[in-house]
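Just so you know, the sequence shown maps onto residues 1 to 731 in UniProt numbering. Only one structure is covered here, and it is reproduced in the block below.
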Amino acid sequence: FSFSWQTTFQDGGEEVEDGAVYNVTLKKVQIQQAANKGARWLGGEGDQLPPEHTVRQYETSKIRAIKAGTLEKLVENLLTAFGDADFSYISIFLATYRAFASPRAVLELLLDRFGNLETSSQGEVANLNSLESEMVLRAEIASVLRAWLDQCSEDFREPPDYMCLLKLLDYLKNNMPNSDMESRVQNLLKQFQNQEVEAVDGFCSTSSSDLVDGEELEISSPEEFSSFQDHVVAEQLTYMDVMLFRRVVPYHCLGSIWSQRDKKENKNLAPTVRATITQFNAVTKCVISTILGTRELKIQQRAKIIEKWIHIAHECRILKNFSSLRAIISALQSNSIYRLKTTWMCVSKDILLMYEELSEIFSDHDNYLTSRELLMKEATSKFANLDSSEKENQKKSQKRLQLQKNKGVMQGTVPYLGTFLTDLIMLDTALQDYVEGGLINFEKRRREFEVIAQIKLLQSSCNSYCLIPDQKFIQWFRRQRHLTEEESYKLSREAEAAADTNILSPKSQKSMVKRISTLFLGTDVFTPPKEQPLKSSPAGGSSGESTDSASVSSCEFNHSETEDVCVTPVSSPEDPLKKSSVGSDKGYDSDKGSISSDKGSGCSKGSVCDAGSGLDSGSVPCRDSGSVLGSAPRALPVYNRQSEGSCIIRVSMDGLQDSIYKSILITNQDRIPDVTQRALLKHNLEPDAVEDYELVQVISEDKELVFPRDANVFYGMNSHVNFDFILRKRA
Numbered sequence: 001f002s003f004s005w006q007t008t009f010q011d012g013g014e015e016v017e018d019g020a021v022y023n024v025t026l027k028k029v030q031i032q033q034a035a036n037k038g039a040r041w042l043g044g045e046g047d048q049l050p051p052e053h054t055v056r057q058y059e060t061s062k063i064r065a066i067k068a069g070t071l072e073k074l075v076e077n078l079l080t081a082f083g084d085a086d087f088s089y090i091s092i093f094l095a096t097y098r099a100f101a102s103p104r105a106v107l108e109l110l111l112d113r114f115g116n117l118e119t120s121s122q123g124e125v126a127n128l129n130s131l132e133s134e135m136v137l138r139a140e141i142a143s144v145l146r147a148w149l150d151q152c153s154e155d156f157r158e159p160p161d162y163m164c165l166l167k168l169l170d171y172l173k174n175n176m177p178n179s180d181m182e183s184r185v186q187n188l189l190k191q192f193q194n195q196e197v198e199a200v201d202g203f204c205s206t207s208s209s210d211l212v213d214g215e216e217l218e219i220s221s222p223e224e225f226s227s228f229q230d231h232v233v234a235e236q237l238t239y240m241d242v243m244l245f246r247r248v249v250p251y252h253c254l255g256s257i258w259s260q261r262d263k264k265e266n267k268n269l270a271p272t273v274r275a276t277i278t279q280f281n282a283v284t285k286c287v288i289s290t291i292l293g294t295r296e297l298k299i300q301q302r303a304k305i306i307e308k309w310i311h312i313a314h315e316c317r318i319l320k321n322f323s324s325l326r327a328i329i330s331a332l333q334s335n336s337i338y339r340l341k342t343t344w345m346c347v348s349k350d351i352l353l354m355y356e357e358l359s360e361i362f363s364d365h366d367n368y369l370t371s372r373e374l375l376m377k378e379a380t381s382k383f384a385n386l387d388s389s390e391k392e393n394q395k396k397s398q399k400r401l402q403l404q405k406n407k408g409v410m411q412g413t414v415p416y417l418g419t420f421l422t423d424l425i426m427l428d429t430a431l432q433d434y435v436e437g438g439l440i441n442f443e444k445r446r447r448e449f450e451v452i453a454q455i456k457l458l459q460s461s462c463n464s465y466c467l468i469p470d471q472k473f474i475q476w477f478r479r480q481r482h483l484t485e486e487e488s489y490k491l492s493r494e495a496e497a498a499a500d501t502n503i504l505s506p507k508s509q510k511s512m513v514k515r516i517s518t519l520f521l522g523t524d525v526f527t528p529p530k531e532q533p534l535k536s537s538p539a540g541g542s543s544g545e546s547t548d549s550a551s552v553s554s555c556e557f558n559h560s561e562t563e564d565v566c567v568t569p570v571s572s573p574e575d576p577l578k579k580s581s582v583g584s585d586k587g588y589d590s591d592k593g594s595i596s597s598d599k600g601s602g603c604s605k606g607s608v609c610d611a612g613s614g615l616d617s618g619s620v621p622c623r624d625s626g627s628v629l630g631s632a633p634r635a636l637p638v639y640n641r642q643s644e645g646s647c648i649i650r651v652s653m654d655g656l657q658d659s660i661y662k663s664i665l666i667t668n669q670d671r672i673p674d675v676t677q678r679a680l681l682k683h684n685l686e687p688d689a690v691e692d693y694e695l696v697q698v699i700s701e702d703k704e705l706v707f708p709r710d711a712n713v714f715y716g717m718n719s720h721v722n723f724d725f726i727l728r729k730r731a
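So, in structure tokens, the structure goes:
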């Protein structure tokens, strides 16, 4: 006999139990069966028979996926998910439960409530009286614990008492004595106890987080920097990025966790993410310091350093290191480097074209679609896929790539973490934590796991790297003294003033200006920066970045509607509200976890992670989450667009920097008191003081829309301008 299968899914609606709601999907499998012998005589090809000579059988099975539930039900579902054919549930729960519960609460429920049959007094578990059922239950608990230790062992790092590990060890000694898992837990406990425990940012010890400490910090000479080969610099930056990215604890990236980082009591929150931010900022500041740090450099020498960094960025692209690649590009697009018009004129045409192609990777068009697609395309590929529109660059790229292939070692992929942080912030803002009846919204966690799974996949790919640390370069990198914004801007003005001579003819200068404008703005119009001191310019809002979002610093390129010092991209006629272009990158603020911009010009503490790309550009990319629900997820609310009775607005506090704002979801039912209360909560202020504040929408630099006390915000707001609001104390 021969068989063929055809599977279809049908929505089976919802099932409601006490404390839980399930999505039900009916899986219908059609099995087509036919006799091999004589098939050809009946007109079939090979083993296939015509439809009238086949036997069809159907099997229907029910798949239950928990949609919402109490914590107790969610933990119980860990033991029953396999039976309900919800095979990804355990991984999703373990990756996201920190958003609504602590490890101790989950462990106590798992071991005390469900792991101890004698004390169980109700529910399905209480009725398991047979020895066989007891063995099955313990096997299920063992499976969950094994997955927990495999996927999230850091959850048990609780110095100095390690209460959860000790509780788990006690359970295993009583219920699974001398088992492999007992030995494993004992070894993990010893490992944690033997490791040096740091109270603050314990994961930053191998990063460049201490770059500003010590007396040996210095601005290196151009000769010392030039002594490092381009590929060596790229490899060492990749080595440092890989070490930090592999240590990122995925739940640290969750929007509900990361968005709380600016509270005073959370200064040590998400240390693994902060470590990557610190490294990103160190790279951007290193680029600016090497270009501007030496006053005596001639124009051509400074241009050569810019060319060297572009070559290093290209080597990072070959290594699939999108983190340092973006850090370098962002630094070159920062205000103090961007404004060096005369220096840029001395950069060769081929290298400028290479720079343009690298910059296009991070174009903000269609919610950074290019970088997203490229990242997913190369996430698990052995080597980079290099395409260049310029023949000479294409030859160089292929030659370097071939050298990498000849080494016979596959490359991993280091992503730009800010993209994922932004997506998770968007999900956290758009989806509710709890649904009707106070049940935990687990559908939200399934959506978050889509992003977490991508991070884990890329972390796994990083195991393919085979890089050896070069202590000479690492020491050089760590002892660099970083310029402040004021210093870098001052040095930039001095360098440009010294270069402001008639060494270039008007014709060549005009040609170069056109080339630079095309490079940065994608248009033949060049808008030169106003030469006002940065200290007098207001700190403006970033293009879509929010304090809630990721941030990763791109040294002072501050894109703001009111920022006078930046070269602001020209908006297209079709989209007059679009503010950002290739150069609209921000950077991580590793200290404050927010997008800030120290008034001045040099390296900003702004943000360069896709920190709000998702907020301005549309919705978070949504797939079907691999779920078996059979229906596409509802479109998420987005910033700057009213959709299906909801949208996301950005609210800043009057008197603070405009760039420090919070993303808030509103619906067509929300009135001023509701929105004001949520805004105060997000800004860590007393929510009871609603009557003391008024909500204002910013229409333009000189126009505001003030809402009455009980107005409907959704219908009252101006939907034709940015959804930017200010919360101001009433006079």
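For glycine and all other residues, C-beta sits at the position ideal for the given N, C-alpha and C.
Residues bridged to residue i [DSSP beta-bridge criterion]
| i | result |
| --- | --- |
| residue 66 | 22 |
| residue 17 | 20 |
| residue 59 | 29 |
| residue 712 | 671 |
| residue 10 | 26 |
| residue 694 | 728 |
| residue 647 | 666 |
| residue 641 | 638 |
| residue 661 | 652 |
| residue 706 | 696 |
| residue 321 | 414 |
Cβ distance (whole Å) where residue i is taken to contact residue j below 8 Å
| i | j | result |
| --- | --- | --- |
| residue 725 | residue 690 | Not quite, the Cβ-Cβ distance comes to about 15 Å (not below 8 Å), so this is no contact. |
| residue 442 | residue 74 | 6 Å |
| residue 100 | residue 157 | Actually they are not in contact, since the Cβ atoms of residue 100 and residue 157 sit about 20 Å apart, beyond 8 Å. |
| residue 58 | residue 27 | So it is not a contact: roughly 11 Å between Cβ atoms. |
| residue 707 | residue 639 | About 19 Å separates the two Cβ atoms, so there is no contact after all. |
| residue 676 | residue 727 | 7 Å |
| residue 299 | residue 342 | 6 Å |
Beta carbon of residue i nearer than 8 Å to that of residue j
| i | j | result |
| --- | --- | --- |
| residue 269 | residue 260 | yes |
| residue 284 | residue 327 | yes |
| residue 488 | residue 340 | no |
| residue 169 | residue 186 | yes |
| residue 337 | residue 291 | yes |
| residue 458 | residue 447 | no |
| residue 467 | residue 324 | no |
| residue 141 | residue 79 | yes |
| residue 471 | residue 286 | no |
| residue 77 | residue 66 | yes |
| residue 275 | residue 244 | yes |
| residue 678 | residue 664 | yes |
| residue 256 | residue 428 | yes |
| residue 145 | residue 162 | no |
| residue 316 | residue 234 | yes |
| residue 473 | residue 228 | yes |
| residue 354 | residue 306 | no |
| residue 83 | residue 20 | no |
| residue 17 | residue 64 | no |
| residue 729 | residue 693 | yes |
| residue 230 | residue 308 | yes |
* How do the region 411–418 and the region 372–381 stand: do at least 3 beta-carbon pairs fall below 8 Å, yes or no? -> yes
* Are the region 331–349 and the region 235–252 touching by the rule of at least three beta carbon pairs closer than 8 Å? -> no
* Would you check if there are 3 or more beta carbon pairs closer than 8 Å linking the region 709–718 to the region 664–672? => yes
* Enumerated in chain order, which unbroken segments of the alpha helix (DSSP H) with a length of 4 residues or greater are wholly contained in the region 158–200? -> 163–175 and 180–194
* **Runs of alpha helix (DSSP H) lying entirely within the region 403–488, each at least 4 residues, in chain order** => 417–430, 442–461 and 471–478
* Asked: Between the region 673–687 and the region 451–460, do three or more beta carbon pairs fall short of 8 Å?
  -> no
* Secondary structure, alpha helix (DSSP H): runs of 4+ residues fully inside the region 332–384 -> 335–338, 341–345, 349–360 and 369–378
* Could you name each continuous alpha helix (DSSP H) segment of 4 residues or more that falls completely within the region 215–281, going from the start of the chain to the end? => 222–226, 230–246 and 255–258
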